[in-house]
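Heads up: the sequence shown begins at 1 in UniProt numbering, then just goes up one per residue.
All C-beta atoms, glycine included, are put in the ideal place defined by N, C-alpha and C.
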Amino acid sequence: MGRNFVFRVCSLVRRGRTVSSSSVLGYSPPPLVSCRSASFSSASPSRSSVHFNIPKPSIFHYSNFHPFSSAASDSPSNIVLIKTEEELNDAYNKVEADSLPAIFYFTAAWCGPCKMIAPIIKKWSEEFPHVTTFKIDIDEAGLQGVLGKLGITVVPTLHFFHNGKKESEVVGADIGSLNTTAERLFK
């Protein structure tokens, strides 16, 4: 069934027909398979293998978007990734002791609204270079204890510090409120 199945599916796709489960013997092929470049090789008389060229996903697909990844070379220097409770405590202490402007951005990789505001956070890093943004992924193993103490129950949550003091907190992805708060405190 393997080789004939692939020929049948590729034939239907080339003819521009819709491939449905009924048209391929009750089986749906995996998505993103390119039939134009399918090739067949026979390793032994009884066994054949099929090789497909799987197209690369779009670079703009949300699953490929990793805002502020430490591996990214274009990541702004005023965005700092926090991975442990010790790093978070040190950051809070430094901001308070030195009366610094800062944003503590609590996020998660799975959070849709966090992905939505990520470009805004990056824009702020360019617009307000004197403000350090501390990005905290709530799913990091070393942070679970401190999140409860800080009352972080929803992501995104942003704590805005001005002159070393917490001036504002925005919970959720209210873009208007986020921009208003950042401009009021940091311009």
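- Judged by DSSP secondary structure, VAL95 falls outside any beta strand (DSSP E) and instead within the alpha helix (DSSP H) spanning 85-97.
- Relative to the Cα of ILE138, the nearest Cα in the group THR132, PRO129, LEU150 belongs to LEU150.
- CA-to-CA, the gap between LEU143 and ALA118 works out to about 21 Å.
- Distances from the CA of ILE120 to each of GLU140, LEU158, HIS162 were compared; the closest alpha carbon is that of LEU158.
- Under the DSSP assignment, PHE186 falls outside any beta strand (DSSP E), being part of the alpha helix (DSSP H) whose first and last residues are 175-186.
- When the beta-carbon positions are compared, VAL131 and ILE103 come within less than 8 Å of each other.
- Boundaries cannot be given for LEU143, as no beta strand (DSSP E) includes it and DSSP labels it neither H nor E.
- Here the alpha carbons of VAL155 and CYS111 stand approximately 7 Å from one another.
- ILE152 is positioned such that its CB atom lies closer than 8 Å to that of PHE106.
- Setting aside the 5 residues that flank it on each side, ASN89 is surrounded in the same chain by VAL146, each with a C-beta closer than 8 Å to its C-beta; the list follows chain order.
- Counting the other Cβ atoms within 10 Å of the Cβ of LYS165 gives fewer than 16, which makes it exposed.
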